[in-house]
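Position one of the first sequence corresponds to residue -17 (this note's numbering), numbered consecutively onward.
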Amino acid sequence: MDKAYNPQAVEEAIYKMWETGGYFTPKLIPKEALPAGRQPFSILLPPPNANADLHVGHAMYVVEDIMIRYHRMKGDPTLWMPGADHAGFETQYVYEKHLAKQGKSRFDFDRETLYKDIWNFVHTNRGSMENQLRRLGFSLDWSRNVFTLDPSIVETVYKSFKQLFDEGLVYRDKRLVNYCTKDGTGFSDLEVLYVERNDPLYYIKYGPFTIATARPETKFRDTALAVNPKDKRYKKYIGQTLEIMGLLGPITMTVIPDPHVDPKFGTGIMKVTPAHDPHDFELGRQFNLPVTPIIDFRGKMDFSWFLSQKDIDPKYRARAENYHGKKVAIVRPLMVEDLKADGLMIKIDEAYTHRIGTCWKCGTVIEPLPLEQWYVKVAPMTKKAIEAINKKQVTFVPKRFEKTAKQWLTNFHDWNISRQNVWGIRIPAWHCALCAQNPTRFAKAIARRANTTNKSNAQSIRLSGWVVTDGEKPETCPTCGGRDLTQDTDTFDTWFSSGQWPFATLRATRDFDYFYPTTVMETGYDILPWWVCRMLMLGIHLTGSVPFTTVYLHGLVRDAQGQKMSKSKGNVINPLKMVDQYGADALRMALVFGTGAGNDQALSEDKIRGMRNFANKLWNIGRFIEMNLQISNPYDQITIYDENMHKMLKNPNDKRIISQTNMLVAGVTKDLDRYRFSDAAQKIYNFTWHTLADVHLEKNKERFKEGDGQAIAVLRHVFLTIMKLLHPFMPFVTEEIWSKLPRKTTDPLIISPWPGN
RNA sequence: GGCCGAUUAGCUCAGUUGGUUAGAGCGCUGCAUUCACAUUGCAGAAGUCGGAGGUUCGAAUCCUCCAUCGGCCACCA
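Here it is as structure tokens:
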């Protein structure tokens, strides 16, 4: 054995040995044939983006590898399934940047070409992410590798959508969507990132009133004024229709009551713009106000409704033309000047701060815009998910996230699953041109079928000519027989498909019966609402059972000072670079050691170096044993420790270390069963270094040198036991040392039985 | 405004059924180098466990209040 452990020299070969040896693939012994106490154990790797390199956060999946390797050694049929995510919008975003570098944009291509190009782009890059997972030593069953766009996955997603549609849990509605005008797509509520911002609050004269607004540009399409019904100042105006002078001439609008209006804010009067504010939109539905947009999907002001009118005052025409087609941010100051010129600007409060929705990806201000989209009615599903949590069908580690999850599930609004992206699973819904063109005919069809049809048809009729299938294009419209059917151009929110990941993947690999529900879902707490809650609600609803029985959440990996890692700060730790430099085991151990579940952690290179030193310490204990075995006789029976030897031990040092080892085994096993990985790691570390090496080994050196067979046998037994306990944490160095020391079996460490059974 | 977390040695953090002199990693100080390992060993310094009350035979741990710092959520136009 070399003087120092050199991970670079051995890790690749060891991983290859594991992988080609088939050790990652579980043996599906029938459950009734399993030994007592053994049961299937499974984890699905949260699929990383197929197109991107791993970041250090992904290395936290080491927690999963620890559980997987532990259960594999215990003899449970153990599955860790790898996967890759097409990451719809995110990948398209990256690809568009890639196109921009070539001076192109996505609009230079037709849909099919663009999809194919992105497909190729992703598949060129995909292998690197998977190899990085191998570099980290993750014992994933690559024979079951799945991709979110695999036909079998897509098939399940189609079927689920159809089922939800048939059950009336999917519907189409035109309402305000969180729209990014730069990226050209809508988002669900979860994807809007709210940021604190300082904007002027404008006080504008509105007929007899003054209103305060941060968005003066929408005033052209105000359709009402709202006041609190309890506000004595304005109570008398409720129900009145007023003519109000605006920048483009007079507008008439009604004063409506709204208990949400805060009399203390601004002047206590709120202008209502149903087309551009979610709350106003709701008021619009309540009071039958028209939805009249003035901002288009590119974020530009659209005055065509005004300019198309006849006999417009030239002054107003000039104004409208000046604003028309310009971005909101440009028009706002122009308007402010015009308001001042007309004497309508009362005052401007520059110190106004509020929270504004931005695109989580590009930072553009999100515009609420009226758009027809597919929605999932979540209430029936979230209710079941909450019940499952209450009944402890699923438990959380740490426990506090149970409350968080329930809060999320309670507060979910209906979920917009339509995205205006190309890269994704296209929604299997077709629109009938005939039904759309001929509402009368459509209405007759409704009347004719109203009493006789099944639920499914009734639903499709309600959706004015939309036909949903489980993937195939329908030949004719079931309502009117029309043949002019066009598929929705939108794709699913990736979370809609990944929310079905547990049963979609296990069906794809035909493991559903054996491994569903999976045992543990391990991921970062930051995607609890996006992913974990969605999997719970969709999984329970669509399969009748929770998709996993334990949720373990880890925290974010931050830099040495606890700062969030970011490219701009330059404090990003590249996990692969750390693996190159210190070995995968060092990085793995550093991420687990001293880290509480669900808590963010500060990771420093010093810490990784410290764990590299620990690997070297192990190596040298191994080396010491190997050298002493050569002095005595490595194949002498007495050097093979067995349980019966315990009774024969004469030397108190040997007795003590054996007893300490047994306590260690018990402690580590208990910690692992309780998901206390840090505790287990620290126990092994301290025992190895400070009990075994510093004390036992030093005190008994003379005995080893003299070739005391019993002393050496005990030492080796203790050390090999440590190798087993530590293998889930530091698989490479333990496997390598294991291979260097003579032992009873030729099996690799990865499948050697867990001690203490 | 609501919810959740954090506050323990210079730094980063463990400390889950409340129990003897409070722990780790890194850093620091002194000594040691043909001995498995300097990616080392030995010795050591260093904490009134954020503050104030309370419960208890006993509190870093449970309760109340306060302070500071974070995170997440919410339709203040």
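A virtual CB, placed ideally from N, CA and C, is assigned to each residue, including glycine.
Just so it is clear, the structure is predicted and the values come from calculations on it, not from any experiment.
Cα-Cα separation between Thr255 and Leu535, rounded to whole angstroms: 42 Å
Beta-carbon proximity check, Glu194 vs Thr249, cutoff 9 Å: Looking at the sequence shown, residue 194 is not Glu but Ala. Cβ distance < 9 Å, so Ala194 and Thr249 count as in contact.
Delimiting residues of the alpha helix (DSSP H) encompassing Trp720: Pro713 to Lys722
Three-state secondary structure (DSSP) of Ser734: coil
Which of helix, strand or coil DSSP assigns to Asn436: For Asn436, the pLDDT reaches just 46, beneath the cut-off of 50, and the residue's location in the model is therefore unreliable, leaving the point undetermined.
Residues of its chain near Thr727, where Cβ-Cβ distance is below 6 Å and the 5 sequence neighbours each way are ignored: none
Same chain, Cβ closer than 6 Å to Thr525, five either side skipped, listed in chain order: Phe485
Status (buried if at least 16 other CB within 10 Å, exposed otherwise) for Asp(-16): exposed
Extent of the continuous beta strand (DSSP E) run through Cys341: Thr335 to Cys341
Cut-off 7 Å between Cβ atoms - residues of its own chain near Val528, not counting five sequence neighbours on either side: Ala370, Gln375, Val376, Pro499, Leu518, Gly521 and Ile522
Stretch-stretch touch, CB-based, cutoff 8 Å, three pairs: the stretch 397 to 407 with the stretch 165 to 173: yes
Trp671 - partner residues in DSSP beta bridges: Trp671 pairs with nothing; no bridge assigned.
Top-ranked residue by Cα proximity to Ala584, from Ser548, Gln543, Val561 and Phe596: Gln543
Closest residue to Ile25 among Glu684, Val539 and Met49 (Cα-Cα distance): Met49
Span separating the alpha-carbon of Ile238 from that of His40: 52 Å
Residues of its chain near Pro557, where Cβ-Cβ distance is below 8 Å and the 5 sequence neighbours each way are ignored: Leu36, His37, Val38, His40, Ala41, Gln114, Leu118 and Leu569
Beta-carbon proximity list for Asn180, same chain, < 6 Å, skipping 5 on both sides: Thr335
In DSSP terms, what Met327 is bridged to: Ile186
Segment contact flag, the stretch 353 to 362 with the stretch 172 to 187, C-beta cutoff 8 Å, min 3 pairs: no
Per-residue DSSP class, three states only, for Asp661: helix
Option in Ile338, Lys282 and Glu303 with minimal Cα separation from Ile312: Lys282
Option in Phe383, Thr651 and Thr703 with minimal Cα separation from Tyr507: Phe383
Buried or exposed by the 16-neighbour rule on C-beta atoms within 10 Å, applied to Glu684: exposed
Nearest neighbour of Asp541, chosen from Ser586, Ser550 and Tyr623 [CA to CA]: Ser586
Cβ neighbour criterion (16 or more within 10 Å) applied to Gly325: exposed
Three or more C-beta pairs below 8 Å linking the stretch 65 to 72 and the stretch 509 to 517: no
Where Ile443 sits in the DSSP three-state scheme: Low per-residue confidence applies at Ile443: pLDDT is 47, beneath 50, and the placement is therefore not dependable, though the value from the model is reported in the following sentence. Correct three-state label for Ile443: helix.
Inter-stretch contact at 8 Å, needing at least 3 Cβ pairs: the stretch 286 to 294 / the stretch 211 to 220: no
Val574 vs Ser660 beta-carbon contact at 9 Å: yes
Burial state of Phe89, where buried means 16 or more other Cβ atoms lie within 10 Å: exposed
Under the three-state DSSP convention, the category Ser400 falls into: strand
Whole-number beta carbon distance between Lys201 and Gly228, since they are thought to touch under 8 Å: 7 Å
Rounded straight-line distance, which links the Cα of Pro12 to that of Pro260: 54 Å
Distance between Val347 and Thr163 (C-alpha atoms, nearest Å): 8 Å
Pro350 to Pro182 span [Cα, whole Å]: 20 Å
Same chain, Cβ closer than 7 Å to Asn610, five either side skipped, listed in chain order: Phe686 and Ile694
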